[in-house]
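Contents: one structure, followed by commentary.
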Amino acid sequence: MKEFGFKIEKKIPGRLGRAGVITTPHGEIKTPAFVTVGTKATVKALTPEMVNSLGAQVVLANTYHLYLQPGDDLVAKAGGLHKFMNWQGPMMTDSGGFQVFSLGAAFGEGGVSKFAKEGVQKIEELAKEDDVTVKLAKIDEDGVTFKSHIDGSLHRFTPERSMQIQHNLGADIIFAFDECTSPSADYDYQKQAMERTHRWAKRSLDEHKKIKAGEQALFGIVQGGRHQDLREESARVIGGMDFDGFGIGGSFDKEDMGTAVGWVSAILPENKPRHLLGIGEPEDILEGIKNGADTFDCVTPTRMARNGTLMVKGGRLNILNAQYREDFTPIEEGCGCYTCQHYTRAYLAHLFRAKEMLAGTLASVHNLYFLIHLTEQIRQDILEGRM
RNA sequence: GUGCCUAUGGUGUAGUGGUAGCACAGUUCCCUGUGGAGGAAUUAGCUCGAGUUCAAAUCUCGAUAGGCACC
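Here my numbering runs 1 ahead of the position in the first sequence, where the first position is 1.
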């Protein structure tokens with residue numbers, strides 16, 4: 002079985018970005034690469050064969066969801082995630098840390114996302130003092146207590162627990178347990194949370210080494226919100242630990258997410274891969290790559306696909322708009338995806354209106370192909386000196 | 001032919017005297033480590049006419065159109 006590794010093939014002159022290859026026990030990931038999200042050990046609406054044939058190299062599943070259902074022990078009994086879900090390529094698992102945010106500070110706040118926006122400045126108090134009876138998650142120094150969104154039962158994650166669960170799941174790349182803070186949290190909270198995430202990183206690493214099963218690589222996660230000094234401090238602390246690679250998490254300002262990624266990339270060890278967590282708008286991917294991120298995962302392409310929004314070169318296309326009902330052209334002229342090769346906008350519009358399951362499937366194929374190939378194109382541009 | 005019943009947005013319905021509500025469809029928007037094959041906004045209506053009343057989708061009469069029953 003191959004060891005985990007990362008090799009830089011070519012750098013963007015004068016920038017932090019690069020093209021490279023990550024080696025995992027289940028194959029290579031040519032970077033920059035978009036990581037397809039398969040939260041519950043399935044890329045929604047697609048079979049692994051489809052995921053593979055549209056060009057995906059790697060799939061990310063989620064610790065929180067699989068721990069709750071069907072349980073990490075069961076996945077271990079099944080022989081691990083790869084076998085269980087029939088995905089033979091590289092896999093990642095999220096640490097469950099993001100749910101600390103989505104079940105905690107962001108719970109019930111429809112307008113709150115990782116990105117700072119106008120008019121959502123009211124929840125920092127709740128983030129500090131949230132009660133598991135109100136929100137679904139409560140954070141303390143040792144870990145997080147949360148309620149299952151499935152049946153309301155009470156559970157607890159700690160860095161050690163997250164490592165144990167992720168080892169049971171058996172992905173090639175796993176992440177340290179962290180806290181993704183709300184963009185509306187103030188500086189003091191960001192700092193406290195970041196420092197706690199650093200302590201959790203150390204504990205994650207210790208537990209990971211103690212378990213020492215298989216060939217799993219562990220990535221530490223840099224936090225620090227939108228503040229340059231915190232981001233840089235986090236990069237120094239996390240970058241100084243013995244991780245196999247790094248995740249860049251948390252919240253950003255929409256306008257200069259790239260800048261924030263740059264602060265961090267400049268400090269993290271150059272010879273280890275950097276994963277930008279949860280980022281997936283085409284422009285953000287480009288900015289992330291320029292600023293040193295190697296891999297990206299995001300629910301956007303698959304979620305938007307299921308809701309009728311298709312990604313095209315000019316932006317987005319809402320296939321439910323009336324103008325597409327009798328449009329017998331492909332989603333995008335010249336697109337090489339299976340959907341564009343065989344179906345028209347009118348057909349997709351019909352499937353969505355009729356609420357047919359194939360709608361989500363064909364749209365997911367297109368959006369994933371779009372984003373994966375966009376990222377691949379940037380890789381080629383780097384390798385061939387066009388960037 | 002006679003009697004009875006029914007008539008509310010595109011569709012299906014709620015509303016028995018005082019702002020016509022809901023669902024679906026329609027239209028548009030949103031989604032960044034999936035609590036999401038989800039969510040939000042919005043367009044559009046009392047069959048027609050006369051009467052009673054301060055006030056009618058609502059009560060009365062007539063017309064029209066359906067349905068049922070009987071001859």
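Glycine residues also receive a C-beta, built at the ideal position from the N, C-alpha and C atoms. In this text the structure is predicted, and so the values were computed from the model without any measurement.
message: Using DSSP's beta-bridge definition, name the partner residues of F102.
response: According to DSSP, F102 bridges with nothing at all.
- prompt: Beta carbon of I290, beta carbon of T376: below 9 Å?
  reply: The Cβ atoms of I290 and T376 lie closer than 9 Å to each other.
- request: Could you tell me whether the region 244-264 touches the region 139-146, using the rule of 3 or more Cβ pairs below 8 Å?
  value: With fewer than three CB-CB distances shorter than 8 Å, the region 244-264 does not count as touching the region 139-146.
task: List the residues that DSSP assigns as beta-bridge partners of A218.
output: BP columns for A218 point to I174.
Closest Cα partner of T37 within the set I383, Y370 and L352: Just measuring C-alpha positions, the residue of I383, Y370 and L352 sitting nearest T37 is Y370.
query: Given I9, which residues of its chain have a CB within under 6 Å of its CB, disregarding the five upstream and five downstream residues?
result: Taking I9 as the centre and dropping the five residues before and after it, the same chain places the C-beta of R19 and G21 closer than 6 Å to its C-beta, in chain order.
Per-residue DSSP class, three states only, for R262: The sequence given here places Val at residue 262; Arg does not occur at that position. DSSP, read as helix, strand or coil, puts V262 in helix.
query: Which whole-angstrom value is the C-beta distance of G225 and A177, which I expect to be below 8 Å?
result: With 8 Å as the limit, G225 and A177 do not qualify as a contact, their Cβ atoms being about 15 Å apart.
task: Return the CA-CA distance between K339 and A46, expressed in angstroms with no decimal places.
output: The amino acid occupying residue 339 in the given sequence is Tyr; Lys does not appear at that position. Y339 and A46: Cα-Cα distance of roughly 15 Å.
field: Under the three-state DSSP convention, the category M312 falls into
entry: M312 falls in the strand class under three-state DSSP.
field: Same chain only: Cβ atoms within 8 Å of S96, ignoring 5 sequence neighbours per side
entry: Excluding positions up to five away in sequence, the list reads T64, S163, Q167, I175, F176, A177, F178, D179, S205 and I222.
task: Please name the residue or residues paired with C338 in a DSSP beta bridge.
output: Bridge pairing for C338: absent [DSSP].
- prompt: What number of angstroms, rounded off, separates the C-alpha of N53 from the C-alpha of E385?
  reply: Across the structure, N53 and E385 are spaced so that their CA atoms are roughly 25 Å apart.
field: Whole-angstrom distance between E334 and D187, CA atom to CA atom
entry: So the alpha carbons of these two residues sit roughly 46 Å apart.
query: What are the boundary residues of the alpha helix (DSSP H) that includes H83?
result: Where H83 is concerned, the enclosing alpha helix (DSSP H) stretches over L82 to M86.
message: For a quick check, are the C-beta atoms of A42 and M93 less than 9 Å apart?
response: No, the pair does not count as a contact, with Cβ atoms beyond the cut-off.
message: Assuming contact is defined by CB atoms lying nearer than 9 Å, are T25 and D173 in contact in what I supplied?
response: In contact: T25 and D173 (Cβ atoms closer than 9 Å).
- prompt: Thinking just about the alpha-carbon of each residue, which of L352, L82, T303 and N292 is nearest to the one in K265?
  reply: Correcting the residue identity first, residue 265 is Val in this sequence and not Lys. Looking only at L352, L82, T303 and N292, the smallest Cα-Cα distance to V265 is reached by N292.
- request: Under 6 Å Cβ to Cβ from K123, same chain only, skipping five residues before and after it: list those, please.
  value: Here K123 scores only 36 on pLDDT, less than 50, and its place in the model should not be relied on; the value that follows carries that caveat. Closer than 6 Å at the Cβ level, and outside the excluded window around K123, lies no residue.
task: Measuring alpha carbon to alpha carbon, tell me which of A355, L359 and R354 ends up nearest Y344.
output: The option with the nearest alpha carbon to Y344 is L359.
Q122 in three-state terms, based on DSSP: A caution first: Q122 carries a pLDDT of 36, below 50, which makes its placement in the model too unreliable to give a value.
message: Does E14 pass the burial test, meaning 16 or more other C-beta atoms within 10 Å, or should it be called exposed?
response: Before going on, a small fix: residue 14 reads as Pro here, not Glu. Around the beta carbon of P14, a 10 Å sphere encloses fewer than 16 other beta carbons of the protein chains shown; the residue is thus reported as exposed.
task: Please report how far the alpha carbon of I332 lies from the alpha carbon of F35, in whole angstroms.
output: Taking the straight line joining both Cα atoms gives about 21 Å.
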